[in-house]
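Undergrad:
In full-length UniProt numbering, the protein residues as written are 1 to 450.
1) Return the first residue and the last residue of the beta strand (DSSP E) that residue 60 is part of.
2) Distance, Cα to Cα, residue 186 vs residue 180?
3) Going residue by residue through the region 361-430, where are the continuous beta strand (DSSP E) segments of at least 3 residues, counting only ones entirely within it?
4) Touching or not, the region 56-72 and the region 305-318, by the rule of three or more beta carbon pairs under 8 Å?
5) Could you please give me the residues that DSSP links to residue 208 through a beta bridge?
6) Excluding sequence positions up to five away, which residues of its chain have a Cβ less than 8 Å from the Cβ of residue 144?
7) Using 8 Å as the Cβ pair cut-off and three pairs as the minimum, do the region 231-238 and the region 91-106 touch?
8) Using the three-state DSSP reduction, which class does residue 108 fall into: helix, strand or coil?
9) Using DSSP bridges, identify the partner residues of residue 273.
10) When DSSP builds the beta bridges, which residues end up paired with residue 85?
11) Under DSSP, the alpha helix (DSSP H) around residue 358 begins and ends at which residues?
12) Would you say the region 142-157 touches the region 220-233, given that touching needs at least three Cβ pairs under 8 Å?
13) Please return the same chain residues whose Cβ sits closer than 7 Å to the Cβ of residue 333, not counting the five positions on each side in sequence.
14) Which ranges does the beta strand (DSSP E) cover as unbroken runs of at least 3 residues, wholly within the region 253-308, from first to last along the chain?
15) Which value, in whole angstroms, describes the spacing of the CA atoms of residue 273 and residue 376?
16) Give the C-beta separation of residue 52 and residue 421 to the nearest angstrom, bearing in mind that I take them to be a contact with Cβ-Cβ under 8 Å.
17) For the region 107-118 against the region 165-180, do three or more pairs of beta-carbon atoms, one drawn from each stretch, fall closer than 8 Å, so that the two count as touching?
18) Go through its chain and collect everything with a Cβ distance to residue 435's Cβ below 8 Å, but skip five positions before and after it.
19) Around the C-beta of residue 278, are 16 or more other C-beta atoms found within 10 angstroms, so that it is buried, or is it exposed?
20) In its own chain, which residues sit with a C-beta less than 6 Å from the C-beta of residue 64, not counting the 5 before and 5 after it?
21) Quick check: what's the CA-CA separation for residue 126 versus residue 249?
22) Ignoring anything shorter than 3 residues, give me the beta strand (DSSP E) runs that lie fully in the region 152-215, in order along the chain.
23) Considering only residues of the same chain and omitting the five flanking positions on each side of residue 510, which have a CB-CB separation below 7 Å?
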């Protein structure tokens with residue numbers, strides 16, 4: 001009898017184990033199911049989908065589809081920009097360089113983008129120049145870059161996301177308008193007499209501010225509602241405009257000076273901690289920040305600022321990026337990802353993510369606790385560009401150009417794993433929201449299945 005009871009108990013335990021195992025198997029997101037979803041989810045049917053899912057702790061991929069194919073990355077390009085900056089810029093960013101000669105202070109830019117920026121204001125430069133008793137002379141540092149990068153959309157010029165690159169950005173190279181539609185009045189920051197503003201006599205359903213491409217002439221159209229709208233518009237930059245805006249801010253004259261090169265003996269005025277700028281760049285996908293970071297990298301190597309110079313330096317001097325030149329060459333043209341000429345493979349993103357998590361020795365990334373790396377990324381449903389998308393288990397950078405969308409980052413699973421993923425959809429014909437929703441389906445299944 002005791003023997004029968006023991007056998008019965010053993011049988012029940014065996015059945016529980018079988019059902020539990022079957023349940024776990026049912027929950028697991030198999031490679032076959034992943035492949036099926038990548039082919040059949042809405043928007044994926046006629047698109048080119050590259051996907052890489054990897055467990056960094058095991059240093060091997062869980063699933064790959066077209067992982068070795070070059071694809072359009074959009075703003076996920078910023079991950080390579082920030083990766084390069086973390087390894088090759090100082091921990092506190094240089095805001096200004098200068099030298100003093102007699103009663104004169106001669107200064108020039110480092111490419112630093114935060115001086116009087118409307119959203120992340122840094123008054124370091126302004127206070128320094130305001131407090132000195134010296135006469136101020138500005139040297140416009142030479143640059144190889146034009147106002148826009150190669151392959152940028154020509155019609156993005158009035159918007160902040162298309163703000164012009166420049167040697168010395170000020171106010172984020174933009175103007176912030178606050179429109180009171182009820183009273184049909186406005187304020188602008190910065191206020192500058194050279195910015196010409198006119199008001200359309202006709203009202204529209206939505207308020208707007210337009211700008212002439214090559215002149216800082218803005219036209220406001222108020223809305224028929226009573227809302228107060230804030231609209232930011234990029235301005236057309238020049239060395240003359242910079243000195244005038246800076247002079248207005250510090251209430252002192254600023255003269256322009258020509259020099260052949262930086263003096264060997266010069267001082268550096270420090271700005272913000274670098275990680276703050278990197279986080280803002282990734283969280284908000286700020287294109288101007290990314291482009292200026294590229295210029296800052298080149299400024300560490302020579303007098304001339306240039307994106308192409310920075311990319312060439314990173315490709316040849318960074319150990320990880322060197323490897324890519326032999327396996328999956330980086331087709332890399334700008335810092336922000338606005339260029340349609342950029343092309344990376346999911347595998348190169350995967351290697352970069354791995355080195356972000358487990359940095360190679362001797363680089364600054366290795367000096368920070370590896371658990372901190374997630375804080376740089378937007379979090380699903382919580383922050384940055386993912387505030388309205390996905391669950392809090394997703395930490396990733398988005399990238400979107402017309403008919404192309406990418407999502408690159410990390411996912412925290414129900415089993416406590418931190419997995420890396422790269423999901424890129426190119427050449428789709430549906431709304432991007434459809435692609436995002438289908439990506440969300442895959443991410444949720446990964447969370448539950450791994």
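Where is the CB? At the ideal position from N, CA and C, for every residue including glycine.
TA: Let me lay it out:
1) Residue 60 -> beta strand (DSSP E) spans 60-65.
2) Looking at the two C-alpha atoms, the distance is approximately 6 Å.
3) Listed in chain order, the complete beta strand (DSSP E) runs (minimum 3 residues) inside the region 361-430 are 394-401, 404-412 and 418-426.
4) Pairwise C-beta distances place the region 56-72 out of contact with the region 305-318, as fewer than three of them are shorter than 8 Å.
5) DSSP output for residue 208 lists 221 as bridge partner(s).
6) The beta carbon of residue 144 sits closer than 8 Å to the beta carbons of 304, 305, 306, 307, 308 and 309 from its chain, once the five residues preceding and following it are set aside; these are given in chain order.
7) The region 231-238 makes no contact with the region 91-106: fewer than 3 CB pairs, one atom from each, lie closer than 8 Å.
8) Note: residue 108 maps to strand in three-state DSSP.
9) The partner list for residue 273 (beta bridge, DSSP) reads 92.
10) Listed as beta-bridge partners of residue 85 by DSSP are no residues whatsoever.
11) Premise fails: residue 358 is in no alpha helix (DSSP H) and is neither H nor E.
12) When C-beta atoms of the region 142-157 are compared with those of the region 220-233, fewer than three pairs fall below 8 Å, so the two segments do not count as touching.
13) Short of 7 Å from the beta carbon of residue 333, and not among the five residues preceding or following it, lie these beta carbons of its own chain, in chain order: 149, 150, 151, 339, 341 and 342.
14) Fully enclosed beta strand (DSSP E) runs of 3 or longer: 254-256 and 267-273.
15) Cα to Cα, the separation comes out at about 14 Å.
16) Between residue 52 and residue 421, the beta carbon gap of about 7 Å places them in contact (Cβ cut-off 8 Å).
17) As far as the Cβ criterion goes, the region 107-118 touches the region 165-180, which means the pair count is three or higher.
18) For residue 435, where only same-chain residues beyond five positions count, the Cβ hits under 8 Å are 43, 44, 47, 405, 425 and 428.
19) Buried, because 16 or more other Cβ atoms sit within 10 Å of the Cβ of residue 278.
20) Here the set comprises 52.
21) Computed Cα separation, rounded: 7 Å.
22) With a minimum length of 3 residues, the continuous beta strand (DSSP E) runs that stay inside the region 152-215 are 174-180, 185-189, 196-199 and 208-211.
23) Outside the displayed range of the chain (1 to 450) lies residue 510, so it cannot be described from this structure.
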